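Down below is the structure, laid out as structure tokens.
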Amino acid sequence: MYPKAKVLSVRNALALLVLASALAFAAGCVAPFSEMQSAKMLGKGNFEVTPGFTTVSVSDEGETEHLQNEIGAQIGYGIANFLDLRLRYEHIYASVEDEGETETISANVLAFGPKFRLAKDWLALYIPIGFGFGGDLDSEDISDTWQVHPTLLMTLPIGKFLEINPSAKIMIPFSSDSFDTLYAFNLGLAISSDISKWAVRPEVGICTNFEGGHFLQFSIGLTLGSRLFK
């Protein structure tokens, strides 16, 4: 993420990646900010699983450079018709060149939180809290990786087989002395012959602090719901 009072450049972003290693939900270059979900609730007793892949680039002063890849999965479970609980795991990895040598850096992210219905089938509020661990993250730094992401989700149905899923979030670090609050905006699709059971979810997004450079993400996920097996 962006250190305070600094303008992010590609070089600074890569150096920060080497320094913090974890990426986590607060530390490192940028926390995962993709969504790959809709505003719809699962319904009591139903669940869904969404494995996915994300690639992230950093852009500043006319330069754009690949930064990191993320592979993981999300699980959602319907507690009530107005409330879901969601769990997300991501493994983040990147290759960084340092004095002609390539170094591989990795970390893990675990996030969890409630998703509330605001307007049936088209507007929801999701509040995940997460942290980083493992990989190149030192155990004493884990406490600095905690972050909360209040997220507004919207779903716009376009015909029977397609949905548009825009979202906006505030990425708030618990360790605000070292890292800025960031803002992310995503635009995803759900494509399926029966979206209530399964869906392919391509998505693009941008993350910024409105002061310097910004991060860009492209994701692809596949949602499999419990209704698929009924």
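Read in order, the letters of the sequence shown are residues 14 to 243 in the numbering used here.
Beta carbons are placed, not taken as given, at the ideal position from N, Cα and C, and that holds for glycine.
This one's a predicted model, so the numbers in the text were calculated from it and none came from an experiment.
Query, Result
"What are the complete alpha helix (DSSP H) segments, minimum 4 residues, inside the region 70-118?", "none"
"Round the Cβ separation of PHE95 and ILE233 to the nearest angstrom and send it over; I've been treating them as touching at under 8 Å.", "Contact doesn't hold; Cβ gap of about 29 Å is too wide."
"Counting only the same chain and skipping the five closest in sequence on each side, list residues whose C-beta sits under 8 Å from that of LEU98.", "GLY89, TYR90, ILE92, PHE125, GLY126, PRO127, LYS128"
"Check ILE233 in the structure and name its three-state DSSP category.", "strand"
"Exposed or buried, THR236, counting other C-beta atoms within 10 Å across all chains shown (16 or more means buried)?", "buried"
"Spell out the partners DSSP gives HIS227 in its beta bridges.", "SER72, THR221"
"Is it true that the CB of PHE174 sits closer than 8 Å to the CB of SER206?", "yes"
"Rounded to the nearest angstrom, what separates THR168 and ILE185 at their Cα positions?", "24 Å"
"CB GLU103 to CB PRO45, shorter than 8 Å?", "yes"
"Does the beta-carbon of LEU241 have 16 or more other beta-carbons within 10 angstroms, so that it is buried, or is it exposed?", "exposed"
"Could you tell me which whole alpha helix (DSSP H) segments of length 4 or greater appear in the region 126-193?", "none"
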